[in-house]
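Student: Let me give you the structure first, and then I'll get to my questions.
There are 2 protein chains.
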Amino acid sequence: MFARYDKSMTKRILLLAAALPSLASAEPADTTAALRDAALGDEVAWDITEGLTTEIGQRLAGTAEEARARAWAVARLRALGFADPRIETFAMPVWVRGAETAEIVAPFPQRLVLAALGGSGATPPTGLTAELVRFDSLAALEAAPDAAVRGKIVYVTHAMTPTQDGSQYGVYGDVRRKAPAIASRKGAAAILIRSIGTDHHRNPHTGATNWGTGATPSPNGGGATPIPAAALALPDAEQLDRIVGRGRPVTMKLVLTPHLTPNGQSGNVIAEVPGRDPRLPIVVVGCHLDSWDLGTGAIDDAAGCGIVTAAAKRILDSPSRPLRTIRVVWFGAEEPGLLGGIAYRQRHGDEPHGVVAESDFGADRVWRLRTNFVASAAPVGEALARALLPLGIAYDREGKASGGSDLSVMGAAGSPSVDLDQDGIRYFDLHHTPDDTLDKIDPAQLRQNVAAWTATLSIVANAAAALGPVPAGTSE
Amino acid sequence: MFARYDKSMTKRILLLAAALPSLASAEPADTTAALRDAALGDEVAWDITEGLTTEIGQRLAGTAEEARARAWAVARLRALGFADPRIETFAMPVWVRGAETAEIVAPFPQRLVLAALGGSGATPPTGLTAELVRFDSLAALEAAPDAAVRGKIVYVTHAMTPTQDGSQYGVYGDVRRKAPAIASRKGAAAILIRSIGTDHHRNPHTGATNWGTGATPSPNGGGATPIPAAALALPDAEQLDRIVGRGRPVTMKLVLTPHLTPNGQSGNVIAEVPGRDPRLPIVVVGCHLDSWDLGTGAIDDAAGCGIVTAAAKRILDSPSRPLRTIRVVWFGAEEPGLLGGIAYRQRHGDEPHGVVAESDFGADRVWRLRTNFVASAAPVGEALARALLPLGIAYDREGKASGGSDLSVMGAAGSPSVDLDQDGIRYFDLHHTPDDTLDKIDPAQLRQNVAAWTATLSIVANAAAALGPVPAGTSE
Numbered sequence: 004m005f006a007r008y009d010k011s012m013t014k015r016i017l018l019l020a021a022a023l024p025s026l027a028s029a030e031p032a033d034t035t036a037a038l039r040d041a042a043l044g045d046e047v048a049w050d051i052t053e054g055l056t057t058e059i060g061q062r063l064a065g066t067a068e069e070a071r072a073r074a075w076a077v078a079r080l081r082a083l084g085f086a087d088p089r090i091e092t093f094a095m096p097v098w099v100r101g102a103e104t105a106e107i108v109a110p111f112p113q114r115l116v117l118a119a120l121g122g123s124g125a126t127p128p129t130g131l132t133a134e135l136v137r138f139d140s141l142a143a144l145e146a147a148p149d150a151a152v153r154g155k156i157v158y159v160t161h162a163m164t165p166t167q168d169g170s171q172y173g174v175y176g177d178v179r180r181k182a183p184a185i186a187s188r189k190g191a192a193a194i195l196i197r198s199i200g201t202d203h204h205r206n207p208h209t210g211a212t213n214w215g216t217g218a219t220p221s222p223n224g225g226g227a228t229p230i231p232a233a234a235l236a237l238p239d240a241e242q243l244d245r246i247v248g249r250g251r252p253v254t255m256k257l258v259l260t261p262h263l264t265p266n267g268q269s270g271n272v273i274a275e276v277p278g279r280d281p282r283l284p285i286v287v288v289g290c291h292l293d294s295w296d297l298g299t300g301a302i303d304d305a306a307g308c309g310i311v312t313a314a315a316k317r318i319l320d321s322p323s324r325p326l327r328t329i330r331v332v333w334f335g336a337e338e339p340g341l342l343g344g345i346a347y348r349q350r351h352g353d354e355p356h357g358v359v360a361e362s363d364f365g366a367d368r369v370w371r372l373r374t375n376f377v378a379s380a381a382p383v384g385e386a387l388a389r390a391l392l393p394l395g396i397a398y399d400r401e402g403k404a405s406g407g408s409d410l411s412v413m414g415a416a417g418s419p420s421v422d423l424d425q426d427g428i429r430y431f432d433l434h435h436t437p438d439d440t441l442d443k444i445d446p447a448q449l450r451q452n453v454a455a456w457t458a459t460l461s462i463v464a465n466a467a468a469a470l471g472p473v474p475a476g477t478s479e
Numbered sequence: 004m005f006a007r008y009d010k011s012m013t014k015r016i017l018l019l020a021a022a023l024p025s026l027a028s029a030e031p032a033d034t035t036a037a038l039r040d041a042a043l044g045d046e047v048a049w050d051i052t053e054g055l056t057t058e059i060g061q062r063l064a065g066t067a068e069e070a071r072a073r074a075w076a077v078a079r080l081r082a083l084g085f086a087d088p089r090i091e092t093f094a095m096p097v098w099v100r101g102a103e104t105a106e107i108v109a110p111f112p113q114r115l116v117l118a119a120l121g122g123s124g125a126t127p128p129t130g131l132t133a134e135l136v137r138f139d140s141l142a143a144l145e146a147a148p149d150a151a152v153r154g155k156i157v158y159v160t161h162a163m164t165p166t167q168d169g170s171q172y173g174v175y176g177d178v179r180r181k182a183p184a185i186a187s188r189k190g191a192a193a194i195l196i197r198s199i200g201t202d203h204h205r206n207p208h209t210g211a212t213n214w215g216t217g218a219t220p221s222p223n224g225g226g227a228t229p230i231p232a233a234a235l236a237l238p239d240a241e242q243l244d245r246i247v248g249r250g251r252p253v254t255m256k257l258v259l260t261p262h263l264t265p266n267g268q269s270g271n272v273i274a275e276v277p278g279r280d281p282r283l284p285i286v287v288v289g290c291h292l293d294s295w296d297l298g299t300g301a302i303d304d305a306a307g308c309g310i311v312t313a314a315a316k317r318i319l320d321s322p323s324r325p326l327r328t329i330r331v332v333w334f335g336a337e338e339p340g341l342l343g344g345i346a347y348r349q350r351h352g353d354e355p356h357g358v359v360a361e362s363d364f365g366a367d368r369v370w371r372l373r374t375n376f377v378a379s380a381a382p383v384g385e386a387l388a389r390a391l392l393p394l395g396i397a398y399d400r401e402g403k404a405s406g407g408s409d410l411s412v413m414g415a416a417g418s419p420s421v422d423l424d425q426d427g428i429r430y431f432d433l434h435h436t437p438d439d440t441l442d443k444i445d446p447a448q449l450r451q452n453v454a455a456w457t458a459t460l461s462i463v464a465n466a467a468a469a470l471g472p473v474p475a476g477t478s479e
């Protein structure tokens, strides 16, 4: 689908959409308000979040645990009454963590706490000992001559702080995503980074790094050889900063023994709320089922599955069927690089998607609405704004929705989207750490999310008007 | 000393003390106030806390790291100008952590995070698999018939919550201190407890348990066979509660491979600020140098050593020498059971101790003063109250000082004592966890502690009057 999409087609659809009568929403505002307010008493989102994290726990992409989670998801979606719950599998290489220890050999012998990054190479089983070289930013590493790095353990720090919109993840996240490949190309023996996080606990933040070789799940090109790559817990990074700051050479010993299995399998779990008019482009709401292996994936992203599924369930149970079909997708293998989203696009990219939206930023309250609707669909955006305002959600009319993580793949393919942005102030305290566990979920904020998604689905699944250009193969 | 102390002796000394003129403090209040206020700009406490945690890190009792910490302490005390810094060693059995993993085998396979308790027995290297039996209190375990426990992995939870005075540690701490021996006597294969803590991070709380056999460092009697004993991180304990709550039998596999070396060595580090009258009973201020092995022992108890040493240093540097000698003791091996305090009493119990006081409850602000002075020394207590009030510290005249952890051994032997109670609200979030690291120290609150201790030393080390019964062998 992505390959077949071109701009002239968009333009044609835009002109067509603008010519249609403006039908903001077929669902009366008071119906939406009633559904929204009832959702503030929701229990389904909690039950899903609690069940998945308790009965499955961690669900690393491509593992037996993720497969058990898919079976769990199908059973739950069926029990909730969704239509046609099913699994769509896809192949992937599977990276699994091994032993991981880090030791300062000199000048001040002690252990530090760290976690291998997804895709990390391995040290010899007996470890790797080398001198450390510290860089205070990604740019400083990039600027370093190869001779300053060759054969050494590179350590890169950064200055990430909490932000409500999580925008620092874009900036400082590159230390995790890019620095390992850069260090590898310069001949480093291994790389450590300050965890991409904002807490002060001995819980390191893992996450995928991108060698661009195809040896890891990352999709984009480049071709660096994987080297051992790990993130220090933030107190340990600060400890290392102090030790380096004493001005004496620092020698470290690392043991990291992850391994990569080329032929693994993941899958997306899909189910629907059938709409009254199957010819209309569908509404797709997503979350991801896989998690990193350190925690139980409560905020990332069991809660997201709980939220969108609970909201869709409320539409399923409402007196009138929605105009458009609502598809719920619990994506597999988001963490290694949106593999579930890519597999979904390969399989479903030809189907008309009227709007895509994903919940994948924790379980704290929604504070902002963003859309990317065409001008003719502005009344739908305004209907959303009115329905969400009582929940404390502001409509950022200048903002632009992306569709979320997995569904950004569809958004990039041109699908209209809605973002219900969650408060990110504490998200990167927990993200990708052992601390991503159920006790971090605030049930009241979780319910506010369900209410916001319920109101949003009530409006967009009943909107007759096109919300934007619907990629080729659609009926609008 | 403890053995030679009897009540009739106390009574005689009390009568003697009451007959003396009431000399509250030889140090004018404005001198004390000036010292106190200058201490609010202290850097010494931070430097000690930062240095010990950075250059040594964890300092488990009886290990090479604790020995390095003693050498570090002597060098630092010498550099600060204290008189006669020295090490007094003592023998002890040394318990060292090994591998530790916990896995739910059925019904919901997943790993849990835990840490062996100090003194834990070991599983076979390949682990131990058994059915779990849960108790919701120590009392419930005590009441259980042996048949309910035999051959099983016992799990005991509790209801600890944060308290400013840390008093719940006394109540719920018994789950760690006593439940393992009880479970062992009932024939349990192993025991897990909910960490004795108040946080929600994947950082388990270790700490000594008491078999009473002499096989571990714990001094009191009893004679249970050590079994594998570990504390689950609080989110993991809650996860286990949920899993047990599903009503299906729970099977777990534990691997815990700690080992015990009978002939180890620890030591106390001692130095003085010489007083003008060496015949007067001395003032002893303490802290402990050892730490648990999971964190770097910042709040427990590098900060305590920083605080009392910084305060003593301010008296050392003040224009007039104090009336009484101030002795600073950085105790070794507090954590396995006050071994440093006991060794100190064996060696120094015969010397007259005019007052003992210890800082071993973190680095948050002092909020309460308690003493155990005789009535004739009430003016000294009131002088302390006046000097500490501007720091936000209230004098609890009904309270009774204990002398702190190691020095409680001297307090129990009859020495007068002063407690400067620190705010404990977040202490048990960090206590005995990997999270006890430097970043948890608030420099402003640390300085408030130094100011409180400086004012206290200024008053008590210049008080000519006896503050209470001074045990036998004293000159008062």
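Which chain is which? The protein sequence lines are A and B, in order. Numbering-wise, the first sequence is residues 4 to 479 according to my numbering. Numbering-wise, the second sequence is residues 4 to 479 according to my numbering. Yeah, the Cβ is synthetic: ideal placement off N, Cα and C, and Gly gets one too. This one's a predicted model, so the numbers in the text were calculated from it and none came from an experiment.
#1: Kindly say whether B/Asp304, judged by its beta-carbon, lies nearer than 8 Å to any beta-carbon of chain A.
#2: According to DSSP, what are the bridge partners of B/Asp409?
#3: Any contact of the segment 309 to 319 of chain A with the segment 285 to 294 of chain A, i.e. 3+ C-beta pairs under 8 Å?
#4: Leaving out the 5 sequence neighbours to the left and right, which residues in its chain are closer than 8 Å to B/Asp177 when beta-carbon positions are compared?
#5: Relative to the alpha-carbon of B/Pro252, which residue among B/Ala211, B/Asp353, B/Ile156 and B/Leu120 has its alpha-carbon at the smallest distance?
#6: Between B/Gln242 and chain A, is any beta-carbon pair separated by less than 8 Å?
#7: Where does B/Thr219 sit, in a helix, a strand or coil, going by DSSP?
#8: Would you list the one or two residues that DSSP bridges to A/Lys256?
#9: Count the other CB atoms within 10 Å of the CB of B/Glu338; is the residue buried (16 or more) or exposed (fewer)?
#10: By alpha-carbon positions, which one of A/Glu106, A/Trp98, A/Lys403 and A/Ala70 ends up nearest to A/Glu91?
#11: Short of 7 Å Cβ to Cβ, which residues in the segment 101 to 126 of chain A face chain B?
#12: Answer yes or no: does any C-beta atom of chain B fall closer than 8 Å to that of A/Ser461?
#13: How about B/Leu259 and B/Glu134: are their beta carbons less than 8 Å apart?
#14: Taking Cβ-Cβ distances shorter than 7 Å, what residues in chain B pair up with A/Asp442?
#15: My guess is that B/Ala1 and B/Ala390 are in contact by the Cβ rule of under 8 Å, so how many angstroms apart are they, rounded?
#16: What's the C-alpha gap between B/Gly210 and B/Trp295?
#17: Please identify, using Cβ separations under 7 Å, the residues of the segment 427 to 439 of chain A that lie next to chain B, in order along the chain.
#18: At 3 residues or longer, what runs of the beta strand (DSSP E) sit wholly inside the segment 378 to 439 of chain A?
#19: With 8 Å as the threshold, decide whether the Cβ of B/Gln61 is near any Cβ in chain A.
#20: Taking 8 Å as the threshold (beta carbon to beta carbon), is B/Arg245 in contact with chain A?
#21: Kindly indicate which residue of B/Asp422, B/Leu55 and B/Ala125 has the alpha-carbon position closest to the one of B/Ala233.
#22: Please state whether DSSP places A/Arg249 in a helix, a strand or coil.
#23: Is the CB of B/Glu58 under 8 Å away from at least one CB in chain A?
#24: What are the start and end residues of each continuous beta strand (DSSP E) run of 3 or more residues lying completely inside the segment 306 to 362 of chain B, in chain order?
#25: Mind reading off the beta-carbon distance from A/Ala301 to A/Lys443? Whole number of angstroms is fine, and I expect it under 8 Å.
#26: Beta-carbon within less than 8 Å of A/Thr56's beta-carbon, same chain only, minus the 5 sequence neighbours each way: which residues are those?
#27: Just the chain A side, please: which residues come within less than 9 Å of B/Asn206 by C-beta, in chain order?
#28: Tell whether a beta-carbon distance below 8 Å holds between B/Ala269 and B/Phe93.
#29: With H, G and I counted as helix, E and B as strand and the rest as coil, what does DSSP make of B/Gly173?
#30: Would B/Val399 and B/Gly343 be called neighbours here (beta carbons separated by less than 8 Å)?
#31: Using the C-alpha atoms, what's the distance from B/Leu263 back to B/Val453?
#32: As an exercise, report each continuous beta strand (DSSP E) stretch of at least 3 residues that is fully enclosed by the segment 262 to 307 of chain A, in chain order.
#33: Would B/Arg282 be called buried (16 or more neighbouring beta carbons within 10 Å of its own) or exposed?
#34: If you drop the 5 nearest sequence neighbours on each side, which residues of the same chain put their C-beta closer than 8 Å to that of A/Thr52?
#35: Please determine, among A/Gly395, A/Ser405, A/Ala416 and A/Ala386, the residue with the shortest C-alpha to C-alpha distance to A/Ala464.
#36: Quick check on the burial criterion: 16 or more other C-beta atoms within 10 angstroms. Buried or exposed for B/Lys403?
Tutor: This is what the structure holds:
#1: Interface with chain A (8 Å Cβ-Cβ cutoff): B/Asp304 is excluded.
#2: According to DSSP, B/Asp409 bridges with nothing at all.
#3: Per the Cβ contact rule, the segment 309 to 319 of chain A is in contact with the segment 285 to 294 of chain A (3 or more Cβ pairs under 8 Å).
#4: The residues are Leu141.
#5: Ranking the options by Cα distance to B/Pro252, first place goes to B/Ile156.
#6: Look at B/Gln242: its C-beta is under 8 Å from a C-beta on chain A.
#7: Note that B/Thr219 has pLDDT 47, beneath the 50 cutoff, so the model's placement of it is unreliable and no number is given.
#8: Per DSSP, the beta-bridge partners of A/Lys256 are A/Glu106 and A/Thr132.
#9: Looking at its Cβ environment, which holds 16 or more other Cβ atoms inside 10 Å, B/Glu338 is buried.
#10: Cα-wise, what sits closest to A/Glu91 is A/Ala70.
#11: Taking 7 Å as the Cβ-Cβ cut-off against chain B, the residues of the segment 101 to 126 of chain A that qualify are Phe111, Gln113 and Val116.
#12: No, its Cβ sits nowhere closer than 8 Å to a Cβ of chain B.
#13: In this structure, B/Leu259 keeps its C-beta atom at 8 Å or more from the C-beta atom of B/Glu134.
#14: Annotation: Cβ neighbours of A/Asp442 in chain B (cutoff 7 Å, chain order): His203, Pro238 and Glu241.
#15: Nothing about residue 1 of chain B can be reported from this structure: the residues present for chain B run from 4 to 479 only.
#16: Going by the C-alpha atoms only, they are around 7 Å apart.
#17: Residues of the segment 427 to 439 of chain A that bring their beta carbon within less than 7 Å of a beta carbon in chain B comprise Pro437 and Asp438, in sequence order.
#18: Taking only runs of at least 3 residues, the beta strand (DSSP E) segments lying wholly in the segment 378 to 439 of chain A are 421 to 425.
#19: Yes, contact with chain A.
#20: Interface flag for B/Arg245 against chain A is set, since a Cβ pair is found closer than 8 Å.
#21: If you compare the alpha carbons of B/Asp422, B/Leu55 and B/Ala125 with that of B/Ala233, the shortest gap goes to B/Ala125.
#22: Here A/Arg249 carries a coil assignment [DSSP, helix/strand/coil].
#23: For B/Glu58, the answer is yes, since a Cβ of chain A falls inside 8 Å of its Cβ.
#24: Here the runs fully enclosed are 329 to 334 and 356 to 361.
#25: Right, the Cβ-Cβ distance comes to about 6 Å (below 8 Å), so this counts as a contact.
#26: Excluding residues within five positions, the ones whose Cβ falls inside 8 Å are Thr299, Gly300, Ala301, Ala305, Thr440 and Leu441.
#27: Neighbours of B/Asn206 on chain A, chain order: His204, Arg205, Asn206, Pro437 and Asp438.
#28: Before going further, note that residue 269 of chain B is Ser rather than Ala in the sequence given. Yes; because the gap between Cβ atoms is below 8 Å, this pair is in contact.
#29: Helix.
#30: The question names Val, yet the displayed sequence has Asp at residue 399 of chain B. At a Cβ-Cβ threshold of 8 Å, B/Asp399 and B/Gly343 do not count as neighbours.
#31: Whole-angstrom Cα-Cα distance: 38 Å.
#32: Within the segment 262 to 307 of chain A, the beta strand (DSSP E) runs of at least 3 residues that lie entirely inside it are, in chain order, 262 to 276 and 285 to 291.
#33: Sixteen is the threshold: since fewer than 16 other Cβ atoms of the shown chains lie within 10 Å of the Cβ of B/Arg282, the residue is exposed.
#34: Around A/Thr52: Ala301, Ala305, Ala306, Cys308, Gly309, Ala366, Leu441, Ile444 and Leu449.
#35: Comparing C-alpha distances from A/Ala464 to each of A/Gly395, A/Ser405, A/Ala416 and A/Ala386 shows the shortest one belongs to A/Ala386.
#36: Taking all protein chains shown into account, B/Lys403 has fewer than 16 neighbouring C-beta atoms within 10 Å of its C-beta and is therefore exposed.
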